[in-house]
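Following: one structure in structure tokens, then a few remarks.
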Amino acid sequence: MENKQGIRTKMFDNFSSGSGKFLRPIRHLLSKSSDEAMADSISESVLEDYYIPNYILVAGSEATNASHIPACPVIVFINSRSGGQLGGELLVSYRSLLNENQVFDLGEKAPDKVLHELYANLEKLRQAGDILAAEILKKLRIIVAGGDGTAGWLLGVVSDLKLSHPPPIATVPLGTGNNLPFAFGWGKKNPSTDRQSVLSFMEQVKNAKEMKIDSWHILMRMRIPKQGPCDPIAPLELPHSLHAFDRVSEKDTLNVEGCHTFRGGFWNYFSMGMDAQVSYAFHSERKLHPEKFQNQLVNQSTYLKLAGTQGSFASLSQPSSQSRNIAQLAKVKIMKKQGVWEDLDIPRSIRSIVCLNLPSFSGGLDPWGKPLRKKIRESGLTPPYVDDGLIEIVGFRDAWHGLVLLAPNGHGTRLAQANRICFEFQKGAADHTFMRIDGEPWKQPLPVDDDNVVVEISHLGQVSMLAVPGCRSKSINDLSPASFPDEETDSVEDEYDEDGEEQRKFGAADTFKIPDEIDIAHLS
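Now the structure itself:
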């Protein structure tokens, strides 16, 4: 006896000739819950806009004569373990509305394999003259439900596959910080999972605009130490937080004799110092006690408590190597123009530094803020566009500095904008520091003798996101007066002056993939 999904698949895969309408199955013979009855009330013509038939999705399936071209064909990837039970509930809802072969549980099937097989079949059908395949190639959009780590995974896979028509990505916020979804207007609260809410989200996806965003390559190189390791250490020494890193092979052009070299990429931010230390403590606690981290509000509360005991506030009363300022730890250089490196003067009070690509950090805060027009003219800064090839570099001083971000127009200490940035760590300044990329932290041992550790960030390329109109992220191609605040809307904190101190591409193919042995349940 066929199950309900089988009946639904038949409904979608059989069209009446010429009318473009689905042949309705005898759904009234099925016993329905009230939720199922609501799903039945959803117009089938609406669902047509997102539906992809089996012969497109599964190579070798029998082709059907589809007279309707979907306006917004989608492929959905869900981390079923994200958001407590919400990931699993979303999986059920999406599969009840779409062809189940359009919806994938990331715990069961890797997205690189799915997309490779799908695009191979689409290209084959397109070359054979299949009009529907050609249209889906042009219109396909991806929905990914999970935390920032899951979203970054999909962005990396799409980047690495180098597809002929890379699909833009919409993100469903199922994590703790949800910086990527928030930056593009998808919200930061965990969503409702009923079918009507899912349909509303898909309608937003259909109406969303494509926006290019910069991607950034990160290279970390260290001399093979005479004593002690310098390899990155993830929480509890499990490397899930370093999914964007990969040690290069001896044959790689980036490899240098006598050095260990790692490389990877990010889209939102790289940070170092106290904020990364707090994130590291949070991930460690979550790994030790996963049962305590099933609720977004509880997670955020725990994060704040750790901020008080592990991070910025602790540094006021418990000075340690982790409260050292950035200038003591590393020499920093930036490149504004190709081929021209210059030293970046870091005020001695700065204890945490953030290299920011998107205007959303630590749950939706904006460390860069919106510089006034006057400051832009005087300092040579530009508004923080997400596709201008520049990364914003922001510093934080002490325990109270981060609280400025909670106030309207609050921001950190704006240090620079650059196309590349290099950190060269001083030997003996500390035995380790903490780093973080896109919400994933690690503990980084530092040199103790003549060894050194160099971290270099450079512009890599661009990927396509889907953005809700009016979202926080701005494109350089979308210039408007709103990008330049008026004089009356001055920031809470002016640029900090302490004793006069203030004032392309490497190729990262296959570096964004999460290793097979990693449990994606621990991605934020």
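Using the numbering used here, the first residue of the sequence shown is number 644, and each one after it goes up by one.
Yeah, the Cβ is synthetic: ideal placement off N, Cα and C, and Gly gets one too.
Computed from a predicted model, the values in this text were never measured in an experiment.
**Asked** With burial defined as no fewer than 16 other Cβ atoms inside 10 Å of the residue's Cβ, what is the status of N850: buried or exposed?
**Response** exposed
**Message:** Quick check: E1083 and G772, are their CB atoms within less than 8 Å of each other?
**Reply:** no
**Prompt:** Mind pulling the alpha helix (DSSP H) runs of 4 or more residues that sit fully within the segment 770-855?
**Reply:** 774-782, 791-804, 822-826, 838-850
**Message:** Spatial neighbours of P630 within its chain, please: C-beta separation below 7 Å, excluding the five flanking residues on both sides.
**Reply:** Outside the displayed span of the chain (644 to 1167) sits residue 630, for which this structure offers no information.
**Request:** Compare the C-alpha of L823 against each of A1073, N1095, L1015, D1009 and name the closest.
**Result:** D1009
**Message:** Can you tell me whether H903 is buried or exposed? The criterion is at least 16 other CB atoms within 10 Å of its CB, across all chains shown.
**Reply:** buried
**Identity of the residue in E1067, I993, F913, F720 nearest G1055 by Cα** = I993
**Message:** For the segment 998-1009 against the segment 973-985, do three or more pairs of beta-carbon atoms, one drawn from each stretch, fall closer than 8 Å, so that the two count as touching?
**Reply:** no
**Request:** Report yes if the CB atom of G799 is closer than 8 Å to the CB atom of G730, and no otherwise.
**Result:** no
**Prompt:** How long is the line joining the alpha carbons of F655 and P696, rounded to whole angstroms?
**Reply:** Because F655 carries a pLDDT of 41, less than 50, the predicted location of this residue cannot be relied on, and the following value inherits that uncertainty. The straight-line gap from Cα to Cα measures roughly 7 Å.
**Message:** Beta-carbon within less than 6 Å of A794's beta-carbon, same chain only, minus the 5 sequence neighbours each way: which residues are those?
**Reply:** V787, T814, L823
**Request:** Can you give me the start and stop residues for the beta strand (DSSP E) that Q1069 sits inside?
**Result:** Neither: Q1069 is in no beta strand (DSSP E) and is coded neither H nor E.
**Asked** Can you give the Cα-Cα distance for N744 and L1103, rounded to whole angstroms?
**Response** 33 Å
**Asked** Helix or strand or just coil, what does DSSP make of E1083?
**Response** strand
**Request:** Enumerate in chain order the residues of its own chain whose CB-to-CB distance from C1114 is below 6 Å, with the five nearest sequence positions on each side excluded.
**Result:** F827, G828
**Beta-bridge pairing of Q1105 - partner residues as DSSP gives them** = D857
**Asked** Going by other Cβ atoms of all chains shown within 10 Å of its Cβ, with 16 needed for buried, is D918 buried or exposed?
**Response** buried
**Asked** Where does A1042 sit, in a helix, a strand or coil, going by DSSP?
**Response** Per-residue confidence for A1042 stands at a pLDDT of 46, beneath the threshold of 50, marking its modelled position as unreliable; no derived number is given.
**Request:** Name the residue from C1065, I785, N1062 whose alpha carbon lies nearest to the alpha carbon of M845.
**Result:** I785
**Asked** In chain order, what residues of the same chain lie with their CB nearer than 8 Å to the CB of C715, ignoring the 5 residues before and after it?
**Response** D692, Y693, K782, R784, M845, V848, K849
**First and last residue of the uninterrupted alpha helix (DSSP H) at Y694** = Run containing Y694: none; DSSP gives neither H nor E here.
**Request:** Count the C-beta pairs between the segment 1067-1075 and the segment 801-816 that are closer than 8 Å, then say yes if the count reaches three, no if not.
**Result:** no
**Prompt:** Does the separation of the CB atoms of L797 and F905 fall below 8 Å?
**Reply:** no
**Residue of I774, M1078, N821 minimising C-alpha distance to N708** = I774
**Prompt:** Around the Cβ of R1063, are there at least 16 other Cβ atoms within 10 angstroms (buried) or fewer (exposed)?
**Reply:** buried
**Message:** Measuring straight from C-alpha to C-alpha, what distance separates G820 and Y912?
**Reply:** 13 Å
**Request:** Counting only the same chain and skipping the five closest in sequence on each side, list residues whose C-beta sits under 6 Å from that of P1014.
**Result:** L1024
**Item:** 8 Å contact criterion, which Q1217 and E1035 should meet: CB distance rounded
**Value:** This structure does not reach residue 1217, given that the chain is present from 644 up to 1167, and the question cannot be answered.
**Prompt:** Within this structure, are the beta carbons of L765 and I779 separated by less than 8 Å?
**Reply:** yes
**Request:** Helix, strand or coil for K752, going by three-state DSSP, please let me know.
**Result:** coil
**Message:** Report the start-end ranges of each beta strand (DSSP E) in the segment 953-1033 that is 3 residues or longer and not cut off at the edges.
**Reply:** 973-980, 983-986, 995-999
**Request:** Assign T836 to one of two classes, buried (16 or more other C-beta atoms within 10 Å of its C-beta) or exposed (fewer than that).
**Result:** buried
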